[in-house]
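Reading through the C-alpha cells given below for one structure.
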Amino acid sequence: MKSFEVTKLYVSELNDDISYGSAQFNVNEDNTSKWNIEIQDPEHMNFLKNAARNNEELQIVFSVIGKDGMQAVARVISVQRKERYVTLGGISQTRK
102 MKSFEVTKLY VSELNDDISY GSAQFNVNED NTSKWNIEIQ DPEHMNFLKN
152 AARNNEELQI VFSVIGKDGM QAVARVISVQ RKERYVTLGG ISQTRK
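Under the numbering used here, think of the first position of the sequence shown as 102, with each following residue one higher.
Next up, the structure:
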C-alpha cells in the first residue's frame, strides 16, 4: 500500500474545500483507493454523514504532496462521529 498526505480536498457537491485536521490518501496493491480524513467543520461532517446515508457518489478534486488537481469519484464508506473521522472509498480516479 502507498500512502500520501493530502494537502487539499475539494468536494464538488459541497462546493467547498473540506476543512480537515489530517487526511491521508491510500492506494492498495489492487489499485483501490481510500481517503482517511479527520473532519474539522461540523457542517462538512453533516454533509458527509448524509452522503453516506444516501449512498451518494461524490466528485472530488484533491492534491497530495507532489501532485495537484487529481480527480476521483468516491463514496463515504464509514463515519466515526465521536472522533470525527471519515473514510471515503474511491470508485474511479483520473490522474493528472
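Where is the CB? At the ideal position from N, CA and C, for every residue including glycine.
Since this is a predicted model, take the numbers as computed values, not measurements.
Discussion item. With distance defined between alpha-carbon atoms, name the residue in Gly122, Glu144, Ala124 and Thr133 nearest to Asn116.
Written reply: Glu144
Worksheet item: Can you round the beta-carbon distance between Val177 and Val187 to whole angstroms, since I take them to be within the 8 Å contact cut?
Response: 6 Å
Fill in: Rounded Cβ spacing between Ser164 and Gly170 (contact assumed at less than 8 Å)
6 Å
Practice prompt. Specify the secondary structure class of Asn101 as computed by DSSP and reduced to three states.
Written response: For residue 101 there is no data in the structure shown, the boundaries of the chain being 102 and 197.
Discussion item. Suppose you measure from the CA of Lys109 to the CA of Ile119; what does that come to, to the nearest Å?
Written reply: 8 Å
Practice prompt. Give a yes or no on whether 8 Å exceeds the smallest Cβ distance from Asn156 to chain D.
Written response: Checking the listed chains, one finds no chain D in this structure; it contains a single protein chain.
Worksheet item: How is Asn155 classed by DSSP in three states: helix, strand or coil?
Response: coil
Worksheet item: According to DSSP, is Asn116 helix, strand or coil?
Response: coil
Fill in: Neighbourhood of Gln181 by C-beta distance below 8 Å, restricted to the same chain and skipping five residues each side
Val187
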